[in-house]
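Visitor: Residue numbers (this note's numbering), protein chains in the order written: chain A, 1 to 285; chain B, 1001 to 1370.
The beta-carbon is built from N, C-alpha and C at its ideal position, and this holds for glycine as well.
Here it is, the structure, as structure tokens.
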């Protein structure tokens, strides 16, 4: 490739690539610089490792990191686990499959915060669920479901919101597998589980990886579900970041959490995607 | 370059000198002359960071009385303060009157503010320059009082049984687990509660903002107290969450801000049956003040507005409309949620940075350990 051609390609890429590099890159740069003491809004701006030391040394950071990773992993794997059977079920169109597909994807159109508040109304102390349980006689008094300690409410919301996305990606991939391949596996004696494990899953692993990455990153950075329905004895990384900034004015420490969150998103998403491929295709990349 | 810097420094120095002279001239005038100058200036802006639409309505009374237009721009607390601080070097700034939490007075040098105003404002005798343990020293004047305390459901607990001491709360928690909720984030009512529990249970010096390892270690009995009674209380998500769940009968008692409860009751978000008191062990009382930057573009109008907003009539109106504790001793506080004599239980919040470290310590030692 000649220099002239290389420059032409670079120039043609500039509008898109340049926007990404400038807009995303500058934000990333400021976050990293701020975590090392620069862009200090309330003191001297100078290189310092103090903010990293203070944040990494706090119990709150470790809990937040572990909690966000836990929510993100369960949400990503759970969404895939629910979406796969549905995608296989809808592989061949049937009467009403369009309506069913649309209904299953409806949560994509509901903003997360709205869903979280609706959820609160259901699980509140005097909410619909408790009223129902008491009406049926299953419980004598309301149960405190709101802000449960294990984050089950947040996981439910994440699955409700993200499963349709996984379904969208997996449905297309599953429908792309030809009948001959599936029939051949059946003729060779493969049961439903074996057909899924040895044929469908390996052939749709790229869609699965895309779903895992997108869901993991979104769930790891969750703020809306956590502040509304999440446990109060632990904060998500995004919540902790905002908390440091708004409650204490610690911009630099908030930047440390922000950079760590980006690291978690990158490592976790790639790790899950790599694990999925390794499990289903072995070392054949 | 050096020459340019010298010229700039000289210009700033001259501007400061001119400001000081203008300020002396203004403050030496009679009040009638100040009002006349204010009317000539024709307008005043008030940088206040909350309830702006309601304040605009209430300020129409000021315009009707003096013929001076009042502009209340949108803005945040920190943003407004940063703007005034950033404009300090300008000969003429944009801000006439700045509202802020009383604790922020420490950010301003007196030479950059108009004052002292004790002998200038006609209402000064009944106004207050001290609030929440912070002294405006005649430069900052209170216009808004707020108080933390305990909101309670009279249908769930009799007034005679209300916990008044830290020990009373422990006994209540033991007898009624899960009926008390408080927050540690998204609002200061919960932090006020655990701060003053800690103040009552420990020997740490809460009057000083100084932070030492020994002082933080001295807070351990308070953290042990909360951990020993962990089944007795619920940690909520915010000030509002606490009050809504109290109103919905999930809780019997929650910490709250007096003006916040008043506002939510006015909006019918919280039931009118909910009442409020300050426990005898004391909870944080504070307030907001107004200051006039030395480079205010309409200094006379700012003085007249400052005098008006803290006047008995306006403070009575604020009490009626917002439930704010009046910051003028001649005002009527009959719409307040608590009797005036109960306000003697109000105590200051600890000074920073100790206050911040204490909140962080509560999270580390209690919230994460439950």
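Could you tell me which residues DSSP puts in a beta bridge with residue 1148 of chain B?
Guide: B:1257
Visitor: Find the residues of chain A that neighbour residue 1237 of chain B, judging by a C-beta separation of less than 7 Å, and give them in chain order.
Guide: Taking a Cβ-Cβ cut-off of 7 Å, the neighbours of residue 1237 of chain B in chain A comprise 147, 227 and 232, given in sequence order.
Visitor: Tell me the rounded alpha-carbon separation between residue 1324 of chain B and residue 1145 of chain B.
Guide: 5 Å
Visitor: Can you find the residues in the same chain that come closer than 7 Å, C-beta to C-beta, to residue 125 of chain A, ignoring five residues on each side of it along the sequence?
Guide: Contacts found: 142, 144 and 146.
Visitor: Quick one: what's residue 24 of chain A bridged to in DSSP?
Guide: None, per the DSSP bridge assignment.
Visitor: Exposed or buried, what is residue 1060 of chain B when buried is set at 16 or more other beta-carbons lying within 10 Å of its beta-carbon?
Guide: exposed
Visitor: What is the residue span of the alpha helix (DSSP H) that residue 121 of chain A lies within?
Guide: 112-123
Visitor: Taking 8 Å as the cut-off, does the stretch 195-207 of chain A touch the stretch 48-67 of chain A (at least 3 CB pairs, one atom from each stretch)?
Guide: no
Visitor: Assuming contact is defined by CB atoms lying nearer than 8 Å, are residue 1401 of chain B and residue 1153 of chain B in contact in what I supplied?
Guide: This structure cannot settle anything about residue 1401 of chain B, because the visible part of chain B is limited to 1001 through 1370.
Visitor: Give the residues from the stretch 27-53 of chain A that approach chain B closer than 7 Å (Cβ to any Cβ), ordered along the chain.
Guide: none
Visitor: Let me know if residue 1268 of chain B comes out buried or exposed under the rule of 16 or more other beta-carbons within 10 Å of its beta-carbon.
Guide: So residue 1268 of chain B ends up on the exposed side.
Visitor: Output yes or no for whether 8 Å exceeds the beta carbon distance between residue 1156 of chain B and residue 1256 of chain B.
Guide: no
Visitor: In this structure, how does DSSP classify residue 1191 of chain B when only helix, strand and coil are distinguished?
Guide: helix
Visitor: Would you list the one or two residues that DSSP bridges to residue 1097 of chain B?
Guide: B:1046
Visitor: Which whole-angstrom value describes the C-beta separation of residue 1102 of chain B and residue 1149 of chain B, a residue pair presumed to lie in contact below a C-beta threshold of 8 Å?
Guide: Rounded, the Cβ-Cβ distance is 18 Å, inconsistent with contact.
Visitor: Go to residue 1080 of chain B, then tell me how far its alpha helix (DSSP H) extends in each direction, as first and last residue.
Guide: 1077-1086
Visitor: Under a Cβ-count criterion, where at least 16 other Cβ atoms within 10 Å of its own Cβ denotes burial, should residue 93 of chain A be classed as buried or exposed?
Guide: By the neighbour-count criterion, in which a residue is buried when 16 or more other Cβ atoms sit within 10 angstroms of its Cβ, residue 93 of chain A is exposed.
Visitor: Quick check on residue 1313 of chain B: does DSSP put it in helix, strand or coil?
Guide: Helix.
Visitor: Based on the DSSP output, what are the partners of residue 1180 of chain B in its beta bridges?
Guide: B:1233 and B:1253
Visitor: Keeping to the same chain, check which residues put their C-beta closer than 8 Å to that of residue 100 of chain A; ignore five residues upstream and five downstream.
Guide: 90
Visitor: Cutting at 7 Å between CB atoms, please list the residues of its own chain near residue 168 of chain A, excluding the five before and the five after it.
Guide: 105
Visitor: With a threshold of 6 Å on Cβ separation, who are the neighbours of residue 1335 of chain B within its own chain once the five nearest residues in sequence on each side are excluded?
Guide: 1319 and 1320
Visitor: With 8 Å as the threshold, decide whether the Cβ of residue 67 of chain A is near any Cβ in chain B.
Guide: no
Visitor: Comparing C-alpha positions only, which one of B:1098, B:1088 and B:1221 sits nearest to residue 1049 of chain B?
Guide: B:1098
Visitor: Flag this pair as touching only if the stretch 267-276 of chain A and the stretch 209-217 of chain A have three or more C-beta atom pairs under 8 Å; answer yes or no.
Guide: They touch, by the three-pair rule.
Visitor: In the DSSP output, which residue or residues are listed as bridge partners for residue 1293 of chain B?
Guide: B:1113
Visitor: Would a C-beta distance cut-off of 8 Å place residue 276 of chain A and residue 209 of chain A closer than the cut-off?
Guide: Taking a C-beta distance under 8 Å as the contact criterion, residue 276 of chain A and residue 209 of chain A qualify as a contact pair.
Visitor: Looking at residue 1229 of chain B and residue 1170 of chain B, is the spacing between their C-beta atoms short of 8 Å?
Guide: yes
Visitor: Is it true that the CB of residue 1239 of chain B sits closer than 8 Å to the CB of residue 1087 of chain B?
Guide: no
Visitor: Which residue's Cα is closest to the Cα of residue 1293 of chain B: B:1111, B:1043 and B:1349?
Guide: B:1111
Visitor: Classify residue 1203 of chain B: buried if its beta carbon has 16 or more other beta carbons within 10 angstroms, exposed otherwise.
Guide: Residue 1203 of chain B is exposed by the Cβ-count criterion.
Visitor: Decide if the stretch 176-190 of chain A is in contact with the stretch 233-253 of chain A; the criterion is three or more beta carbon pairs, one per stretch, under 8 Å apart.
Guide: no
Visitor: Just to make sure I have the definition right: I need the residues of chain A whose C-beta is within less than 7 Å of the C-beta of residue 1314 of chain B. Which are they?
Guide: Result: empty, since nearest Cβ-Cβ is about 31 Å, beyond 7 Å.
Visitor: Residues of chain A with CB under 8 Å from residue 1081 of chain B, in chain order?
Guide: Residues of chain A passing the Cβ test: none, with the nearest at roughly 12 Å.
Visitor: Can you tell me which of the three DSSP states residue 1327 of chain B falls into?
Guide: Looking at residue 1327 of chain B - three-state DSSP - the assignment turns out to be coil, as it is neither helix nor strand.
Visitor: Alpha carbon to alpha carbon, how far is residue 205 of chain A from residue 1078 of chain B?
Guide: 50 Å
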